Amino acid sequence: MQNGFQVRLRGVSKAYDDGSTRHDVLNAVDLDVASGEMVALLGPSGSGKSTLLNIIAGLDAPDGGTVEVSGRDLAGMSERARTLLRRRDIGFVFQFFNLIPTLTVLENIRLPLELTGRRDPGPARELLERVGLAGRERAFPEELSGGEQQRIAIARALAHEPRLLLADEPTGNLDSATGARVLDLLTRLVRERGAAMVIATHSSDVVDRADRVLTLHDGAIAGGT
Ligand SMILES: Nc1ncnc2c1ncn2[C@@H]1O[C@H](COP(=O)(O)OP(=O)(O)OP(=O)(O)O)[C@@H](O)[C@H]1O
Ligand SMILES: [Mg+2]
4 MQNGFQVRLR GVSKAYDDGS TRHDVLNAVD LDVASGEMVA LLGPSGSGKS TLLNIIAGLD
64 APDGGTVEVS GRDLAGMSER ARTLLRRRDI GFVFQFFNLI PTLTVLENIR LPLELTGRRD
124 PGPARELLER VGLAGRERAF PEELSGGEQQ RIAIARALAH EPRLLLADEP TGNLDSATGA
184 RVLDLLTRLV RERGAAMVIA THSSDVVDRA DRVLTLHDGA IAGGT
């Protein structure tokens, strides 16, 4: 386990331009997230939560400012190096799951393990059980409900025990009991493995468990960095 800051954003800005109007989404955002810390990110729809998570993961580039993950400046890295960093150190639960439709449930969960050279399916099966979907190994994503797909997306993000987990409304499709079970899993990664976590959410259950709660509003973060 590595101590210190896993994520450090300074002056991060992002705007989208639809040709006629410029829309400022993030406006000089500063953010630090340490190992072993769970941060809940709130904010109304359209406030930039997904945009911010994508920028932290290096899936999208800011227009200005710096993003450091694990002490490395993402802008100074090649695309290939960013991909390797994501594979090894980052788990991402996408708001709309992004499961691979041609792979089975078990294959989807195993993918991050295989990409880092681990062939043992044991961890993937165990995670499937932990998210309450044992027995669905061979199903394809389209055969699952939204909440089931969400749980597969969470299992996939946890499979390689990332040091940084970025989760975009990970309980948005789950009933409160299933959501609590999933949150137990996420909390364990933070408390036992010392991962850093940022969860974009509208859920008070997530807020209750978070070490810090930040709110995005008008492109800025309230609640401290
Ligand atoms: N690729 C894009 N092109 C143009 N505009 C975009 C793009 N991605 C996001 N936006 C705009 O940026 C703003 C922030 O979007 P974002 O998805 O980050 O919000 P959010 O806080 O995650 O919202 P939600 O709670 O609905 O998921 C929105 O107004 C959206 O229209
Ligand atoms: Mg979003």
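4 is the number of the first residue of the sequence shown in my numbering; add one for each residue after it.
Beta carbons are placed, not taken as given, at the ideal position from N, Cα and C, and that holds for glycine.
Since the structure is predicted, the reported quantities are computational estimates derived from the model, not experimental observations.
| query | result |
| --- | --- |
| Opposing strand residues paired with Phe95 [DSSP bridges] | Leu169 |
| Buried or exposed by the 16-neighbour rule on C-beta atoms within 10 Å, applied to His1 | A query on residue 1 cannot be resolved here, the shown segment of the chain reaching from 4 to 228 and no further. |
| Where Ile157 falls: helix, strand or coil (DSSP) | helix |
| Near ligand 2: Glu172 beta-carbon under 8 Å from a heavy atom | yes |
| Proximal residues to Gly22 (C-beta, below 8 Å), its chain only, five neighbours per side dropped | none |
| Alpha helix (DSSP H) segment containing Leu131, residue limits | Gly125 to Arg133 |
| Helix, strand or coil at Arg191 according to DSSP, with G and I counted as helix | helix |
| Residue burial classification, Met4 (beta-carbon count within 10 angstroms, cutoff 16) | Any reading at Met4 needs caution, since the residue's pLDDT is 41, under 50, leaving its predicted position unreliable; the model's value is listed next. Flag for Met4 reads exposed. |
| beta-carbon His220 near ligand 1 non-hydrogen atom, thresh 8 Å | no |
| Per DSSP, cross-strand counterpart(s) of Glu71 | Arg11 and Asp76 |
| Leu55 to Arg113 span [Cα, whole Å] | 27 Å |
| Alpha carbon of Arg154 to alpha carbon of Ile202, nearest angstrom | 15 Å |
| Lys17: CB within 8 Å of a non-hydrogen atom of ligand 3 | What this structure holds is ligand 1 and ligand 2, not ligand 3. |
| Candidates Gly150, Glu164 and Leu62: closest to Ala84 by CA position | Leu62 |
| Identity of the residue in Glu151, Ala64, Pro124 and Val209 nearest Ser16 by Cα | Ala64 |
| Given 8 Å, three or more beta-carbon pairs between the segment 165 to 181 and the segment 88 to 98 | yes |
| Residues that Ala199 bridges to, as DSSP identifies them | Leu167 |
| Segment contact flag, the segment 129 to 142 with the segment 24 to 31, C-beta cutoff 8 Å, min 3 pairs | no |
| Within 9 Å, strictly: CB atoms of Ile224 and Leu188 | no |
| Cβ pair count under 8 Å reaching 3, the segment 73 to 83 against the segment 47 to 54 | no |
| Span separating the alpha-carbon of Arg212 from that of Thr190 | 8 Å |
| Rounded C-alpha distance that separates Gln152 from Leu106 | 13 Å |
| Range of the contiguous beta strand (DSSP E) that encloses Ile103 | Segment: none, Ile103 is in no beta strand (DSSP E) and carries neither H nor E. |
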